[in-house]
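Below is one structure; the comments refer to it alone.
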Amino acid sequence: MNAPTAANHLLPQVQARNVPQALLDALQVRFGAQFSTALVVREQHGRDESAFDIPPPAAVVFAQDTQDVSDAVKLAAQYRVPVIPFGVGSSLEGHLLAVQGGISLDVSRMNAVLSINAEDLTVTVQPGVTRKQLNDEIKSTGLFFPIDPGADATIGGMSATRASGTNAVRYGTMRENVLALEVVTASGEVIRTGTRAKKSSAGYDLTRLLVGSEGTLGVITEVTVKLYPLPEAVMAATCSFNSLADAVNTTIQIIQLGIPIARCELLDANTIRMVNAHSKLTLREGAMLLMEFHGSPDSVKEQVQTVQDIAADFGGAAFEWAETPEERTRLWTARHNAYFAGVQSRPGCKAITTDACVPISHLADALLDSVTEAQEAGLPYFLVGHVGDGNFHMGYLIDPKLPAERELAEKLNHQLVERALKLGGTCTGEHGVGLHKQGFLVEETGNGAVDMMRTIKRALDPHNILNPGKIFAL
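Residue numbers for the sequence shown follow numbering that gives the first Met the number 0, so the first one is 0 and each next one is one higher.
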């Protein structure tokens, strides 16, 4: 396999399409105060957490219901102007950027929990509902929604990127947890996919096609997801190790023995220092696993004892427990804020992030070699990993004013991804392709598979107005 070059993974040079004044006038008439061309509003919708910096969209529409979304898409389709869905702006891969100009379609005001079906363990929400909001609103039912990416992302955005998070090792990703969707197509038509039934073999699985499509095939306006009973007992702990290898090998054995651990996260000493400074913690500065156990009191006790024994075999220190809900919340908030802790550690920097995921048996090779390369290169970085499912993130912290640093970060990123692919893994476990990983997608799937994706895109969006320039070029 040939290593991708840096140029393959930088922002595509795409000419912004003209946005006719007639379209802007029509949107103003239709949406009134829900429409804005103010520069400050456009700039807010023209950036995310990625390292890219491009001009903002021409205008922003704030949708409040499915009809708003449909009408906005229909008007844009008349003029063949791009529409870019926007939730809360937490994308790390440039999904929200108007690389071909166009209209940002903000769905954050579509934030209603529409129906809770506690008996069936499902809930239907509008796309602007965030994961924290959802769990707050269903708490009284004794159920919870477990998918938890680091940011308080919207359910629509999480569906569009096929996101996951720290609980994926036990509860899966959005791919497994989205049952049904309501979607506005490129023509403005409203369709429904899937049902609340536990299974179905009715035709093509359009739900799976749209989950992870990054807004390129339709705009999600409703999502039905699975819920789970709140665990009877929850215990969380940290365990420090003398080396990253010991921490990784502990994780591999936990998974291979089938222990149903709910969370298993890895941070290295470098990242622990950043997290301590950002979150005012005093965690031991060494390779560390952050773990959580769910179940009945007896099953949790059994899980904990087994994992303690495994960790001891690899030189793990005594477990330090987060015993109260408040202590657990503080611990996991600090973990979720590791990205921001890293960025804060070098003021003015941008983070070039990776998202490789490998089979668990190859996790040690993929992760340890990547850390060694970063250390030898001398570029500041942070490391966090959902290591229970083989997914880890390196964040290379660059000065955006120094092209040489970006080039070095891209080189390290390419080496990391190429290694992951050789080991049977993927370039993106949960962030999506967006802008930054388009060359890697070809390396991973081959030209034939990407051409099939293009065929689907052209069939469903013949004028390429839905989030163009993402996943692949047309």
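From the three backbone atoms N, C-alpha and C, an ideal C-beta is built for every residue, glycine too.
Computed from a prediction, not measured in an experiment: that's the story for all the values here.
Can you check whether the CB of Ile115 is closer than 8 Å to the CB of Val122?
Less than 8 Å separates the beta-carbon of Val122 from that of Ile115.
Buried or exposed: which applies to Gly447, given that a residue is buried once 16 or more other Cβ atoms fall within 10 Å of its Cβ?
Answer is exposed; the Cβ neighbour count stays below 16.
Return the chain-ordered list of same chain residues with a C-beta closer than 7 Å to the C-beta of Glu181, the five sequence neighbours on each side being excluded.
Beyond the five residues adjoining it in sequence on each side, Glu181 comes within less than 7 Å, by CB distance, of Thr65, Val189, Arg191, Thr220, Glu221 in the same chain, given in chain order.
Could you tell me the alpha carbon to alpha carbon distance between Phe391 and Ala152, rounded to whole angstroms?
When only Cα atoms are considered, Phe391 and Ala152 end up about 19 Å apart.
In the DSSP assignment, what residue or residues form a beta bridge with Ala321?
Under DSSP, the beta-bridge partners assigned to Ala321 are Ala235.
Can you have a look at Gln14 and say buried or exposed, based on whether 16 or more other CB atoms are within 10 angstroms of its CB?
With fewer than 16 Cβ atoms within 10 Å of its Cβ, Gln14 is classed as exposed.
Met451, buried or exposed, once every other Cβ within 10 Å from all chains shown has been counted against 16:
Per the 10 Å Cβ criterion, exposed.
Please classify Glu372: does DSSP put it in a helix, a strand, or coil?
Three-state DSSP puts Glu372 in a helix.
Alpha-carbon to alpha-carbon, Leu178 and Thr194:
Approximately 6 Å between the Cα atoms of the pair.
Curious, which full-length alpha helix (DSSP H) runs of at least 4 residues does the segment 218-281 contain?
Within the segment 218-281, the complete alpha helix (DSSP H) segments of 4 residues or longer fall at 243-255, 268-278, listed in chain order.
For Gln343, which residues from the same chain have a beta carbon less than 6 Å from its beta carbon, with the 5 sequence-adjacent residues on both sides left out?
Counting only Cβ-Cβ distances below 6 Å, and skipping sequence neighbours, we find His277.
Ala21 beta carbon less than 8 Å from that of Arg41:
Against a cut-off of 8 Å, the Cβ pair of Ala21 and Arg41 comes out as no contact.
Pair within 8 Å by beta-carbon distance, Phe318 and Cys263
No, these two residues do not count as a Cβ contact at 8 Å.
If you reduce the DSSP assignment to three classes, tell me which class Pro467 lands in.
Correct three-state label for Pro467: coil.
Lys349 by DSSP, collapsed to three states: which one?
Assigned with DSSP and collapsed to three states, Lys349 falls in strand.
Sort Gly341, Asn275, Ala286, Asn248 by Cα distance to Leu330 and report the nearest one.
Looking at the Cα atoms, Asn275 is the closest of the given residues.
Apply the 10 Å Cβ neighbour rule to Ser199 and answer buried if 16 or more other Cβ atoms are within range, or exposed otherwise.
Result: exposed.
Leaving out five residues on either side along the sequence, give the residues of the same chain with a beta carbon under 6 Å from the beta carbon of Lys131.
Excluding positions up to five away in sequence, the list reads Asp151.
Going by DSSP in three states, Arg475 sits in which element: helix, strand or coil?
Past the boundaries of the shown model lies residue 475; the chain is included only from 0 to 473, so the question cannot be answered.
For Phe51, does the three-state DSSP call read helix, strand or coil?
Correct three-state label for Phe51: coil.
Please say whether Pro55 and Ala111 have beta carbons closer to each other than 8 Å?
In this structure, Ala111 keeps its C-beta atom at 8 Å or more from the C-beta atom of Pro55.
If you draw a straight line from the C-alpha of Pro81 to the C-alpha of Gly101, how long is it?
Looking at the backbone, the Cα of Pro81 and that of Gly101 are separated by about 5 Å.
Whole angstroms are fine: how far does the CA of Tyr395 sit from the CA of Ala408?
Ala408 and Tyr395 have their alpha carbons spaced roughly 6 Å apart.
Measuring CA to CA, which of Thr184, Gly423, Asn134 is closest to Lys456?
Of the listed residues, the one whose Cα sits closest to Lys456 is Thr184.
For Leu229 and Phe292, believed in contact at Cβ under 8 Å, the rounded distance:
Going by Cβ atoms, the distance from Phe292 to Leu229 rounds to 14 Å, so no, they are not a contact pair.
Who are the near neighbours of Glu136 in its chain, counting only those whose CB is closer than 6 Å to its CB and skipping five residues on each side?
Val112, listed in sequence order.
CB-CB under 6 Å to Ala340, same chain, minus the five flanking residues each way: which ones, in chain order?
Apart from the 5 residues on each side of it in sequence, Ala340 sits with its Cβ closer than 6 Å to the Cβ of Met273, Val274, His277 in its chain, given in chain order.
Lys73 versus Gly187: straight-line alpha-carbon distance, rounded
In a straight line, the C-alpha of Lys73 is about 5 Å away from that of Gly187.
Pick from Thr427, Val383, Leu378: whose alpha carbon is nearest that of Glu404?
With distances taken between CA atoms, Glu404 lies nearest to Leu378 out of Thr427, Val383, Leu378.
Return helix, strand or coil for Thr454, following the three-state DSSP convention.
Thr454 falls in the helix class under three-state DSSP.
Alpha helix (DSSP H) segment containing Tyr203, residue limits:
Tyr203 -> no alpha helix (DSSP H), and no H or E assigned at all.
Anyone know if the C-beta pair for Ala348 and Ile397 falls short of 8 Å?
Residue identity differs from the one stated: residue 348 is Cys in this sequence, not Ala. In this structure, Ile397 lies closer than 8 Å to Cys348 by Cβ.
Can you tell me whether Tyr380 is buried or exposed, with buried defined as 16 or more other CB within 10 angstroms of its CB?
When all chains shown are included, Tyr380 counts as buried.
Runs of beta strand (DSSP E) wholly within the segment 52-136 (minimum 3 residues, chain order)
Unbroken beta strand (DSSP E) stretches of 3 residues or longer found wholly inside the segment 52-136: 58-61, 82-85, 102-105, 112-116, 121-124, given in chain order.
Rounded to the nearest angstrom, what separates Leu95 and Ile154 at their Cα positions?
The alpha-carbon atoms of Leu95 and Ile154 are separated by roughly 15 Å.
Among Leu266, Ala286, Ile254, Asp119, which residue has its Cα nearest to the Cα of Gln302?
It is Ile254 whose Cα lies nearest to the Cα of Gln302.
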